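**Student:** Keeping their order, the protein sequence lines are chains U and S.
Residue 1 is where the first sequence starts when you use our numbering, and the numbers rise one by one after that.
Residue 1 is where the second sequence starts when you use our numbering, and the numbers rise one by one after that.
Following this message is one structure expressed as structure tokens.
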Amino acid sequence: MHLFVQQIINGILLGGMFALMSIGLSMIFGIMKTANFAYGSLYMLGGYVAYWSSVLLQAPFLVAVVIAFVVMFGAGVIVEYFGFAPLRGNEDAALIFGLGLSLVIRGGATIAWGSQNRFIMSPFEGAVFFGHFVVPAARFWAGLVSLAIVGAVYFMIERTRLGRVLRAVSDDSRRASLLGINTKAQFCFVFGLGTALSALACVFLIPVFSLLPDVDDTALYIGFAVVILGGLGSIPGCIVGAMILGLVNVMAFAYTDSSIAPIFPLAILILTLMLRPQGLLGKKGRLA
Amino acid sequence: MSGAATDLGLGASRRSGGPARSAAAFSKGRPVADNPLRRIRLGGYIAVAVIVIAAPMLFSSIYDLNVIVTAATNVILATGLAIVVRAGRLSLAQATFGGLGGYTSGLLVMQAGWSYWPALLAAGVCAGLIGVLLGLTSLKLRGFYFAIATFTFSQMVIIALSASSGVTGGQSGMFGLPNPPPIGPFNFADPRVYYYFAVLVALAAIGVRYACTSGLRFGRALTVLGEDEVLASALGVPATPYRLAAFGISSFIGGIGGSLYAHFIQGISPPDIAPSVSVFVLVMVMAGGSRTLMGPVIGAVVLTFIPELLRASAQWSMVFYGLFLIAYVFLFRDGLLPLLDRTVARLVVNNRGKSRDPVSAAAEPMANWDVAPRLPRHAEATEILALRGVRCAFGDNVVLKNVSLSLQTGEMHGLIGPNGAGKTTLFNLVTGVSPLSGGEVLVRGASVRPRPATMARAGLARTFQNPRVLESRSVRENIALAAELCGRAGNLEYLDWVVDVSGLSLLIDVQAGTLTHYERRMLTIAMAIAGDPDILLLDEPLAGLDDTETVLAKERIREIHTALGCAVLLIEHKLSVVMELCSRLTVLDHGVIIADGAPEAVAQDPAVIEAYLGS
Numbered sequence: 001m002h003l004f005v006q007q008i009i010n011g012i013l014l015g016g017m018f019a020l021m022s023i024g025l026s027m028i029f030g031i032m033k034t035a036n037f038a039y040g041s042l043y044m045l046g047g048y049v050a051y052w053s054s055v056l057l058q059a060p061f062l063v064a065v066v067i068a069f070v071v072m073f074g075a076g077v078i079v080e081y082f083g084f085a086p087l088r089g090n091e092d093a094a095l096i097f098g099l100g101l102s103l104v105i106r107g108g109a110t111i112a113w114g115s116q117n118r119f120i121m122s123p124f125e126g127a128v129f130f131g132h133f134v135v136p137a138a139r140f141w142a143g144l145v146s147l148a149i150v151g152a153v154y155f156m157i158e159r160t161r162l163g164r165v166l167r168a169v170s171d172d173s174r175r176a177s178l179l180g181i182n183t184k185a186q187f188c189f190v191f192g193l194g195t196a197l198s199a200l201a202c203v204f205l206i207p208v209f210s211l212l213p214d215v216d217d218t219a220l221y222i223g224f225a226v227v228i229l230g231g232l233g234s235i236p237g238c239i240v241g242a243m244i245l246g247l248v249n250v251m252a253f254a255y256t257d258s259s260i261a262p263i264f265p266l267a268i269l270i271l272t273l274m275l276r277p278q279g280l281l282g283k284k285g286r287l288a
Numbered sequence: 001m002s003g004a005a006t007d008l009g010l011g012a013s014r015r016s017g018g019p020a021r022s023a024a025a026f027s028k029g030r031p032v033a034d035n036p037l038r039r040i041r042l043g044g045y046i047a048v049a050v051i052v053i054a055a056p057m058l059f060s061s062i063y064d065l066n067v068i069v070t071a072a073t074n075v076i077l078a079t080g081l082a083i084v085v086r087a088g089r090l091s092l093a094q095a096t097f098g099g100l101g102g103y104t105s106g107l108l109v110m111q112a113g114w115s116y117w118p119a120l121l122a123a124g125v126c127a128g129l130i131g132v133l134l135g136l137t138s139l140k141l142r143g144f145y146f147a148i149a150t151f152t153f154s155q156m157v158i159i160a161l162s163a164s165s166g167v168t169g170g171q172s173g174m175f176g177l178p179n180p181p182p183i184g185p186f187n188f189a190d191p192r193v194y195y196y197f198a199v200l201v202a203l204a205a206i207g208v209r210y211a212c213t214s215g216l217r218f219g220r221a222l223t224v225l226g227e228d229e230v231l232a233s234a235l236g237v238p239a240t241p242y243r244l245a246a247f248g249i250s251s252f253i254g255g256i257g258g259s260l261y262a263h264f265i266q267g268i269s270p271p272d273i274a275p276s277v278s279v280f281v282l283v284m285v286m287a288g289g290s291r292t293l294m295g296p297v298i299g300a301v302v303l304t305f306i307p308e309l310l311r312a313s314a315q316w317s318m319v320f321y322g323l324f325l326i327a328y329v330f331l332f333r334d335g336l337l338p339l340l341d342r343t344v345a346r347l348v349v350n351n352r353g354k355s356r357d358p359v360s361a362a363a364e365p366m367a368n369w370d371v372a373p374r375l376p377r378h379a380e381a382t383e384i385l386a387l388r389g390v391r392c393a394f395g396d397n398v399v400l401k402n403v404s405l406s407l408q409t410g411e412m413h414g415l416i417g418p419n420g421a422g423k424t425t426l427f428n429l430v431t432g433v434s435p436l437s438g439g440e441v442l443v444r445g446a447s448v449r450p451r452p453a454t455m456a457r458a459g460l461a462r463t464f465q466n467p468r469v470l471e472s473r474s475v476r477e478n479i480a481l482a483a484e485l486c487g488r489a490g491n492l493e494y495l496d497w498v499v500d501v502s503g504l505s506l507l508i509d510v511q512a513g514t515l516t517h518y519e520r521r522m523l524t525i526a527m528a529i530a531g532d533p534d535i536l537l538l539d540e541p542l543a544g545l546d547d548t549e550t551v552l553a554k555e556r557i558r559e560i561h562t563a564l565g566c567a568v569l570l571i572e573h574k575l576s577v578v579m580e581l582c583s584r585l586t587v588l589d590h591g592v593i594i595a596d597g598a599p600e601a602v603a604q605d606p607a608v609i610e611a612y613l614g615s
């Protein structure tokens, strides 16, 4: 029983980290309907920005986080402005552009920085104890940060004027532009913010998922799985999807053979695609 | 069109007494200009053939021979994938199907003791069957969702293969797969023999792809499906079975290619079939030009060779592939081969722009068809299409409630009503696009369950509110494809008449994407009647036309109706036209029929007046 509860806690924490990993993608996908296949590599790039600013500039952890956030916001705006924006309306072209960009970034990162693991000195060492239950501090903080960020994004979209504008753009960008909203700028902002949040996620998740060029596949994959499971364009869906995937993952590894455990989250994803392509909390969309 | 350009020919010229003549624009065929490009292309193909045959002599080191065999197997994989891509789905699992083929033949040869040749066939069949299974579950998904589903599938296969270490060798895979046994004097341990064999298989794959794009009716239907699914369904192409077949064939070819490669390098392991490898195969298809037959071939060869020529490491190749993809998206989105073609054309033909001749369908006089292509087929009127209390609901939103309607053979029946009344939904329901939530639909007295393809087969054709045409194809191709998919391909005389009656004979070789709105409208009508339908549903055929065009289009619709004698159900907002053309009117408002009868009676109906003018 004790083990089972510990597994539940682990699952929820992993779910929190998955949510953090995918919130940026969920924003971009949900608001802009852009399937950003370069998300994983931008996530990885954000981690490297933080790493190099802590190594070369001797920046403390939180400063490195801020640098990564700002730099990747700019990178996101550039990618959107020169890359995805001209391709809007052509889904296949956007998909292929994303794949191409991710190959360039990943190959480039491997050439420039090698394929070894990198770590940043994180202020979160050791473990947190709740009675009998142990939680590694890094995971605990990642979970908290994830909750905070998802909450902030949810608040921004649902409760602020900016959020209303973004929802209007998401609903019908052409009509929104006729109402005087600069949709191009809004798209750049959303893409920048989504990319910046992914960088934040990457930095906080380095102690768990480590930092190497290959981490882009993990992030891209988990991001899409969470977004599809939870539902396109739904921020609460992002949390729900991440929790389900986190729990399934932990339970599969705890109670089945570790060589086939990874198949369970994939099976859940493919079942979702088959039976409820709009996701658990998503509205029935045009795409599926 | 003998000097009659100023004569709009509305009725008057019909009685002017000329002999019956046919413009015969359709059957005449395109005039073949003396085109130096054709010769250059032919020369290019001959040069390529020579290089392909001579390649083992040119690249004679063992390493080089490995590269050219790899290129040949990549051609097989890419050609297979292109079949699905052309049918409108981007798959990220082609390398996985190749891997499944490789594992199948490897296991059969190594553990079951099969000979290689039946094992090769089994590899293709196994990959093809798994492809059909994957297609059954995921082909209803579109675009990105389909890509993700295939991506997920490919990850699952990798995990399953890595997990069953006892059988498949787990993460390290299988080693020591034997070369195929020699056939007569040809020993497959020699890479040159292997190369020629792979080239033969690649040629066979290209042949299959040709059949699946333009060679067979199935293939032409598939390409129309890839270009416009709604239009294809309306023309009678059942989307899912066709795509499923395409996916099965594509996976089969993938399995064959994968097996050949695995037994060439004598090993296979899970990383060989990672999604990133599938992405490379997709790059080959798209970059080469997925719409052309030889595009994927060129793409596969170029993208196999260039990293080798650059002596690039895996990372540099990755960067190179990525840059290539980005360049492809922004610079040559229709592919390398069309790019080459255009470049050569520009050099040879001296920059002569391909501008459209200044002809317009609106200026084309009505032809003097004294004889209709055939007599109206029904002597007495019977009910050909009937709706009995049909209902159409999307969740709680009920669009049609208890609608009953009867269409007689040979009549022109108007369906009018304010915007949002449910007129187009009624068309969609009859053609099987919108759900039938209650009631029944009868065709020739028999109850049917409407589905797009079956309704088209039953002789029902429709046009759409916004005219749907195959933009990248000529008017001729549009009409020919429409006729063929409805099963009327051979009858050129009939198609001559179709082109003529819709006033498109001067535009027969113009690309449909460049037509004016009026011409597009006429083309959609021409495509709808190309299959000689018994029932024709016209959805606002006059919307967006100016006064002159309205008169023209009205006359052409009348002409078509008289000549074909088909039943026409016409949705139209231009009431004067409806009153003039139709012998009966049905008025729909808020999903309910509020009036039905002769046009004059309906026009006087107080309920109709209220619905139109408001209370």
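For glycine and all other residues, C-beta sits at the position ideal for the given N, C-alpha and C.
Keep in mind that this is a model prediction, so the values were computed, not measured.
#1: In this structure, what does DSSP give as the bridge partners for S/Ile416?
#2: CA-CA distance, S/Ala601 and S/Gly88?
#3: Please report the distance separating the alpha-carbon of U/Phe130 from that of U/Gly11.
#4: How about S/Ala95 and S/Ser278: are their beta carbons less than 8 Å apart?
#5: Look at the alpha carbon of S/Thr424 and the alpha carbon of S/Ile571, and state the distance between them as a whole number of angstroms.
#6: Let me check you understand the geometry: is the CB of U/Leu178 closer than 7 Å to at least one non-hydrogen atom of the ligand ADP?
#7: Got a sec: which bits of the segment 256-274 of chain U sit with their beta carbon under 8 Å from any beta carbon on chain S, in order along the chain?
#8: Among the candidates U/Cys188, U/Gly30, U/Met32, whose CA atom is the shortest distance from the CA of U/Ala75?
#9: Can you give me the C-alpha to C-alpha distance between U/Ala288 and S/Ser233, rounded to a whole angstrom?
#10: Helix, strand or coil for S/Leu141 per DSSP?
#11: Would you check if the segment 294-310 of chain S and the segment 65-76 of chain S touch, i.e. whether three or more CB-CB distances between them fall below 8 Å?
#12: Indicate whether U/Asp216 and U/Gly15 have their beta-carbon atoms separated by less than 8 Å.
#13: Quick check on S/Leu375 - is its C-beta less than 8 Å from some C-beta in chain U?
#14: Does the separation of the CB atoms of S/Val608 and S/Gly414 fall below 8 Å?
#15: Given this structure, state the Cα-to-Cα distance separating S/Gln155 from U/Gly47, to the nearest angstrom.
#16: Please give the ranges of any alpha helix (DSSP H) in the segment 173-252 of chain S, keeping only runs that are unbroken, at least 4 residues long and fully inside the region.
#17: Could you work out which residue in S/Ile326, S/Leu161, S/Val237, S/Tyr242 is closest to S/Asp272 when comparing CA atoms only?
#18: Taking Cβ-Cβ distances below 7 Å as the criterion, which residues of the segment 143-168 of chain S are in contact with chain U?
#19: So S/Ser138 contacts chain U; which residues on that side make the cut at Cβ distance below 9 Å?
#20: Does any residue of chain U bring its CB to less than 8 Å from the CB of S/Leu90?
#21: Per DSSP, what are the beta-bridge partners of S/Val390 in this structure?
#22: Looking only at DSSP bridge pairs, what is S/Asp596 linked to?
#23: Looking at C-beta atoms only, is the number of pairs between the segment 183-202 of chain U and the segment 57-69 of chain U that lie closer than 8 Å three or more?
#24: Would a check of beta-carbon distances place S/Trp316 closer than 8 Å to chain U?
#25: Taking C-beta to C-beta, are S/Ser105 and S/Ser172 nearer than 8 Å?
#26: Return the bridge partner residues of S/Ile268 from the DSSP annotation.
#27: Starting from S/Gly37, trace the alpha helix (DSSP H) in both directions and tell me its first and last residue.
#28: Indicate whether at least one CB of chain S lies closer than 8 Å to the CB of U/Glu80.
#29: Pairing CB atoms from the segment 464-484 of chain S with CB atoms from the segment 523-530 of chain S, are three or more of them under 8 Å?
#30: If you count every other CB in all the chains shown that lies within 10 Å of the CB of S/Ile62, and 16 or more means buried, which is it?
#31: For U/Gln116, does the three-state DSSP call read helix, strand or coil?
#32: Return the chain-ordered list of same chain residues with a C-beta closer than 8 Å to the C-beta of S/Leu139, the five sequence neighbours on each side being excluded.
#33: Touching or not, the segment 428-437 of chain S and the segment 391-402 of chain S, by the rule of three or more beta carbon pairs under 8 Å?
#34: Would you please verify whether the beta carbon of U/Gly108 is less than 8 Å from any beta carbon of chain S?
#35: For S/Arg473, name the three-state secondary structure that DSSP assigns.
#36: Among S/Gly565, S/Thr514, S/Leu537, S/Pro467, which has the Cα closest to the Cα of S/Leu545?
**Tutor:** Reading it off the structure:
#1: Numbered from its first residue, the second sequence carries residue 416 of chain S at position 416. The partner list for S/Ile416 (beta bridge, DSSP) reads S/Val587.
#2: Sequence index remark: in the second sequence, residue 601 of chain S carries index 601 (1-based). Sequence index remark: in the second sequence, residue 88 of chain S carries index 88 (1-based). Answer to the nearest angstrom: the Cα atoms are 49 Å apart.
#3: Numbered from 1 along the first sequence, position 130 holds the residue referred to as residue 130 of chain U. Numbered from 1 along the first sequence, position 11 holds the residue referred to as residue 11 of chain U. So the alpha carbons of these two residues sit roughly 16 Å apart.
#4: Residue numbering aside, residue 95 of chain S sits at position 95 when the second sequence is read from its first letter. Residue numbering aside, residue 278 of chain S sits at position 278 when the second sequence is read from its first letter. In this structure, S/Ser278 lies closer than 8 Å to S/Ala95 by Cβ.
#5: Translated into the one-based positions of the second sequence, residue 424 of chain S becomes position 424. Translated into the one-based positions of the second sequence, residue 571 of chain S becomes position 571. S/Thr424 and S/Ile571 have their C-alpha atoms some 8 Å from each other.
#6: Among the components of this structure there are no ligands whatsoever, and the ligand ADP is therefore not found.
#7: Within the segment 256-274 of chain U, the residues whose Cβ lies closer than 8 Å to some Cβ of chain S are Asp257, Ser259, Ile260, Pro262, Ile263, Leu266, Ala267, Leu269, Ile270, Leu273, Met274, listed in chain order.
#8: Indexing the first sequence from 1 puts residue 75 of chain U at position 75. For U/Ala75, the closest alpha carbon among the candidates U/Cys188, U/Gly30, U/Met32 is that of U/Cys188.
#9: Indexing the first sequence from 1 puts residue 288 of chain U at position 288. Indexing the second sequence from 1 puts residue 233 of chain S at position 233. Residue confidence is low: U/Ala288 scores 33 on pLDDT, short of 50, so the model does not pin down where it sits. No coordinate-derived value is stated.
#10: Taking the second sequence and counting its residues from 1, one reaches residue 141 of chain S at position 141. DSSP places S/Leu141 in coil when its eight states are reduced to three.
#11: Enough Cβ pairs lie closer than 8 Å, so yes.
#12: Along the first sequence, one-based indexing puts residue 216 of chain U at 216. Along the first sequence, one-based indexing puts residue 15 of chain U at 15. Taking 8 Å as the Cβ cut-off, U/Asp216 and U/Gly15 do not qualify as a contacting pair.
#13: Locating residue 375 of chain S in the second sequence gives position 375, counting from the first residue. Annotation note: pLDDT 46 at S/Leu375 (below 50); position unreliable, coordinate value reported separately. No, no contact with chain U.
#14: The count along the second sequence starts at 1 and reaches residue 608 of chain S at position 608. The count along the second sequence starts at 1 and reaches residue 414 of chain S at position 414. Going by C-beta atoms, S/Val608 is not nearer than 8 Å to S/Gly414.
#15: Translated into positions along the second sequence, residue 155 of chain S becomes position 155. Translated into positions along the first sequence, residue 47 of chain U becomes position 47. Distance between the alpha carbons of S/Gln155 and U/Gly47: 25 Å.
#16: You should have 191-210, 217-227, 229-234.
#17: Here residue 272 of chain S refers to the residue found at position 272 when the second sequence is read from its first residue. When each option's Cα is compared against that of S/Asp272, the closest is S/Leu161.
#18: Per Cβ criterion, the list reads Gly143, Phe144, Tyr145, Ala147, Ile148, Ala149, Thr152, Phe153, Gln155, Met156, Ile159, Ala160, Ser162, Ala163.
#19: Sequence index remark: in the second sequence, residue 138 of chain S carries index 138 (1-based). Listed along the chain, the chain U residues whose CB falls inside 9 Å of the CB of S/Ser138 are Ile270, Leu273, Met274.
#20: The residue given as residue 90 of chain S occupies position 90 in the second sequence. Answer yes: the Cβ-Cβ gap between S/Leu90 and chain U drops below 8 Å somewhere.
#21: Looking up residue 390 of chain S in the second sequence gives position 390. For S/Val390, which the question treats as bridged, DSSP gives the partners S/Val403.
#22: Within the second sequence, numbered from 1, the residue matching residue 596 of chain S stands at position 596. S/Asp596 pairs with S/Thr586.
#23: Yes: the two stretches touch, three or more of their Cβ pairs being nearer than 8 Å.
#24: Your numbering for residue 316 of chain S matches position 316 in the second sequence. S/Trp316 counts as touching chain U.
#25: Position 105 of the second sequence, counted from the first residue, corresponds to residue 105 of chain S. Position 172 of the second sequence, counted from the first residue, corresponds to residue 172 of chain S. No, Cβ-Cβ distance for S/Ser105 and S/Ser172 is not below 8 Å.
#26: Residue mapping note: residue 268 of chain S aligns to position 268 of the second sequence, counting from 1. Answer is S/Met174, bridged to S/Ile268.
#27: Position 37 of the second sequence, counted from the first residue, corresponds to residue 37 of chain S. Reading off the sequence shown, one finds Leu at residue 37 of chain S, where the question assumed Gly. Boundaries of the alpha helix (DSSP H) harbouring S/Leu37: 36-58, taken from the DSSP string.
#28: The count along the first sequence starts at 1 and reaches residue 80 of chain U at position 80. It does not: the Cβ of U/Glu80 has no partner Cβ on chain S nearer than 8 Å.
#29: Inter-segment contact for the segment 464-484 of chain S and the segment 523-530 of chain S is present: three or more beta-carbon pairs are separated by less than 8 Å.
#30: To locate residue 62 of chain S, count along the second sequence from 1; it is residue 62. Around the beta carbon of S/Ile62, fewer than 16 other beta carbons lie within 10 angstroms, which makes this residue exposed.
#31: Locating residue 116 of chain U in the first sequence gives position 116, where the first residue counts as 1. Here U/Gln116 sits in coil by DSSP.
#32: One-based indexing of the second sequence puts residue 139 of chain S at position 139. Taken in chain order, the residues that qualify are Arg89, Phe146, Thr240, Arg243, Leu244, Phe247.
#33: Flag = yes, the segment 428-437 of chain S and the segment 391-402 of chain S touch.
#34: As a working mapping, residue 108 of chain U is identified with position 108 in the first sequence. Judged by the 8 Å Cβ criterion, U/Gly108 is in contact with chain S.
#35: Along the second sequence, one-based indexing puts residue 473 of chain S at 473. DSSP, read as helix, strand or coil, puts S/Arg473 in coil.
#36: Here the question's residue 545 of chain S lines up with position 545 in the second sequence. Nearest C-alpha to S/Leu545: S/Pro467.
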